[in-house]
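Here the structure comes first, spelled out in structure tokens, and everything after it is commentary.
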Amino acid sequence: MDTTRLIIVAVGGQGNLLASKVLGEAALRAGIPVRMSEIHGMAQRGGVVESAIVFGDAQSTIISDGEANVLVGFEPSETLRAVGKCNADTVVITNLAPLPPFTVALGKGVYPDIDDLQERIRSKVKKLLAFDSTALARKAGNVMANNMVLLGALLQTGVVPMTADQVREAIGATTKQAFVDTNLKAFDLGYEAARKAA
Amino acid sequence: MHKLLTDSPGQKMLMLGNEAIARGAVEAGVAMASTYPGTPSSEISLNFFQMSRESELYFQYSTNEKVAMEVAAAAANSGVRSMCIMKHVGLNVAADALMTLAYVGVRGGMVIITADDPSMFSSQNEQDNRYYGKLSGLPVVEPSSVEEAKELVGYAFDLSEQLQEPVLFRTTTRINHSSAFVTLGALKPPETKGDFQKDPFRYVTVPAVARRLHVKLLENQARAKELSEASPYNFVEGAGGWGIFCNGVSYSYVSDAVRDLGMQDRIRIFRIGFSHPLPEQKIKAFLGECEKVLVAEEGEPFMEEAVKAFAQEAGLTLPIRGKADDLFSRLYEFDPAMVRKTIASYFGIDYAAPPAIDVQDVPDIPMRPPNLCAGCSHRATYYAVKKAAEGMETIYPTDIGCYTLGFLPPLSMGDFLICMGSSVGTSCGFSQATDRKVVAFIGDSTFFHSGIPGLINAVFNGHNLTLVILDNGTTAMTGHQPHPGVDMSQLQMEGYGRVSIEAVVRAVGVRHVTVIRPFKVKKSIEQIREALAFDGVSVIISQEPCALYAKGLKLLKGKPFTVSDKCKNHRDCVNDLACPAFYIQDDRVHIDADLCVGCAVCAQICPENAIRPVKIEKTA
Ligand code: SF4
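Those protein sequences? They're chains Y and L, same order as listed.
Counting with the working numbering, you get residues 1 to 198 for the letters of the first sequence.
Counting with the working numbering, you get residues 1 to 620 for the letters of the second sequence.
Structure (structure tokens):
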């Protein structure tokens, strides 16, 4: 079976560990082997959290530079920071709502220009899908559902080997009962946004 | 019910490596587990903690790794299957117990988890704990995957009982923190009570006894070697004249690489899962069938040196290489592409790495280092100490916990750190060797772990220093585990005592003890100033619950603050405190109401009095 390598980058607290878990559960449902790794560490203290998810027969749980088939960024500057994981055939999906790192407030660095950021990523990879997923999460009823919006968009691109329904089922089984409806709505909004952009 | 207690053999479950290890122990009938938390091992013990509340398993958070090992060693010598869990550097703390426990041995199975951290994702060094196997003479096993980790725990318990020795189970972060599907096996009910049979000439290690025990240890090692030769965890796969030795996660990278390179019939792989003692005969036989060998292991050349020695004994002169400038590094963790490239270049395989994309034009993206949480009490304490010490020549030895992050600017409170508890011990030396005012920082959990002997040393030897104990009521950094100072009834748990830090500090003879509430900025600064002026050992206990923990328990009562138009934009708040709740928009300071916990520290330092509670703003 072909291997699909997915990197998710986010800022601590944006819920990318839950997103990976949903994908893992969906893969279990679909009978697709999956291995994932993540660096927890000080995620809750506002650092960067990176998850690697490898679908298919590979044994490795991490993804080297230049070897991601798809990169999903929950925050635009983090997507750009992780672009070294991509190659010319990579599909990149990114949120466009910035969460500037605290160093910006301290005057130690300038947040990249959003248009320029997209141009740079787009020029290097096969496809960039960029939209304000935070806004769609808010529309679904909870900004914390940003992760589900991006999962919806990811599933629409067809790069990962599961169906949207398998992921919807996994959302129902994995996320907190009180949030399932919001999460599913967020997932569908993300799916729709990606379809329109395609 | 806890997911790891699910009793349905054959079911597949997505598990974190650490969960797989805990499940493996439960399937092996572990009855007692002890730990001091440490990344990347912490989720193993967290799961035991949770499971112990709904099963017969006994679990404890011990004060440090040495105590944890002693607890488990006694259980095992009463015939009870025990496990103790620690990060790699924790084994240094427990090493004194380990070395002689190896002489004494065990009766019930005992497995010691040592979680190594190549690349130092959350550690102060990347030592390779396989050497503890060599140093102590104990068996070492290492899983290569999440699934294998679960199986290997059961094997390790059996091995321990066969040899009557504890077994070191070595993982690396990429095992602990990877997830995969694991198939559940049958649960084995724990035998929670054993009995200790007195035999002082086996258990009391006076020299005459120890001399005989060392003989026994060497005999056990010889038996361990035979078991290693026969172990299914030391296996060979593939065919061909080129050979690769690998262990742990490097096995995954090597097998993927061999497959990607299409070299399955040219390269044979020797996977080592039982790495001390190594299977000497099997290795010699393998070498005899190879013309060229590569050793792929993260960390130190542990296998490489042994394999070279075996080749020498067998009179074999084939090239064997591993660690070298043009091959594998001793630094940091491996990754699949690097391993693939190294294999290709060593064996001269035609391989072009996929073209990398050009990232040269990517602008510098502002760094996003971890930061103390909004409303973290440590920030307030650091600020107050800094103010109180203004004008003094200081040294700030620090310690291990969230508060270590205070060494980053703008707080810049942290000058020296080597290990758990080192803040106090090194302060003794700095205060003697320099004329500076020495102010040390240590967390509450770390104080119990290994700060107390240093403090006693300071009192006894008459040093001149101030120790600030950052008491936030939890072991925050590793995920909010309890420690001996915690009120366990708050967690609805009974049967626990509680140790008062203040009583301990007074009892060891510290004459100047101050308890401060760091969110009262002005008063804290005054109190600290007084403590700093004391000639001798003074201790400041800064009490305020960890904000993140309190948030989780819904104990936070503070209301968010906001910046009013009285703000003159000189930004003392942002630049001195670096609280992540601040952000700058349109060149003005704002406070993110979702992050602000209402500690009010910034409001107290704003010279314009511009920072006010949100509510008052509204009604005003
Ligand atoms: S977890 Fe607690 S101690 Fe750690 S930085 Fe956050 S508030 Fe501070």
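Where a beta carbon is used, it is the ideal one built from N, C-alpha and C, also for glycine.
Residue i versus residue j: straight-line alpha-carbon distance, rounded
i: Y/S64; j: Y/A52; result: 10 angstroms
i: L/T183; j: L/N18; result: 15 angstroms
i: L/Q490; j: L/Y496; result: 11 angstroms
i: Y/I62; j: L/K150; result: 20 angstroms
i: L/E494; j: L/M488; result: 7 angstroms
i: L/C579; j: Y/A197; result: 38 angstroms
i: Y/A170; j: Y/A97; result: 26 angstroms
i: L/S250; j: L/S145; result: 10 angstroms
i: L/I21; j: Y/A186; result: 35 angstroms
i: L/T619; j: L/K557; result: Annotation note: pLDDT 46 at L/T619 (below 50); position unreliable, no value reported.
i: L/I442; j: L/N457; result: 16 angstroms
i: L/G241; j: L/L318; result: 11 angstroms
i: Y/S37; j: L/M15; result: 11 angstroms
i: Y/I7; j: L/V106; result: 45 angstroms
i: L/E526; j: L/V601; result: 15 angstroms
i: L/N247; j: L/G185; result: 25 angstroms
i: Y/T4; j: Y/S60; result: 12 angstroms
i: Y/G84; j: Y/A10; result: 15 angstroms
i: L/M86; j: Y/G66; result: 35 angstroms
i: L/F460; j: L/G429; result: 13 angstroms
i: L/G406; j: Y/G107; result: 18 angstroms
i: L/I584; j: L/Y382; result: 23 angstroms
i: L/Q481; j: L/T100; result: 29 angstroms
i: L/P370; j: L/V359; result: 25 angstroms
Residue i beta carbon near the ligand SF4 (any heavy atom closer than 7 angstroms)
i: L/C428; result: no
i: L/L408; result: no
i: L/R212; result: no
i: L/L548; result: yes
i: L/M413; result: no
i: L/H378; result: yes
i: L/A384; result: no
i: L/C599; result: no
i: L/R368; result: no
i: L/L372; result: yes
i: L/C402; result: yes
i: L/A149; result: no
i: L/R517; result: no
i: L/A476; result: yes
i: L/N125; result: no
i: Y/R45; result: yes
i: L/N472; result: yes
Strand pairing of residue i, partner residues [DSSP]
i: Y/L71; result: Y/I7 and Y/V92
i: L/I469; result: L/I442 and L/I541
i: L/K12; result: L/T183
i: L/H590; result: L/Y583
i: L/D667; result: Within the shown structure, residues of chain L are numbered from 1 to 620, placing residue 667 of chain L beyond reach of any answer.
i: Y/E38; result: Y/S51
i: L/E237; result: L/I269
i: L/Y58; result: L/M32
i: Y/R195; result: Y/R195 pairs with nothing; no bridge assigned.
i: Y/L129; result: Y/I93
i: Y/Q118; result: In the DSSP output, where bridge partners are listed per residue, Y/Q118 has none listed.
i: L/I395; result: L/V438
i: L/A296; result: L/C246
i: L/F328; result: L/K323
Supposed contact pair residue j and residue i - C-beta distance, whole angstroms, cut 8 angstroms
i: L/D444; j: L/G473; result: 7 angstroms
i: Y/L18; j: Y/N147; result: 6 angstroms
i: L/M1; j: L/E56; result: Contact doesn't hold; Cβ gap of about 14 angstroms is too wide.
i: Y/T90; j: Y/K126; result: 6 angstroms
i: L/M83; j: L/A33; result: 5 angstroms
i: L/I357; j: Y/K139; result: Incorrect: roughly 34 angstroms between the Cβ atoms, too far for contact.
i: L/P166; j: L/M110; result: 4 angstroms
Any chain C beta carbon closer than 8 angstroms to residue i
i: L/N125; result: The chain inventory of the structure shown lacks chain C, comprising the protein chains Y and L.
Residue i: CB within 7 angstroms of a non-hydrogen atom of the ligand FMN
i: L/W242; result: Among the ligands in the structure shown, the ligand FMN does not appear; only the ligand SF4 can be found there.
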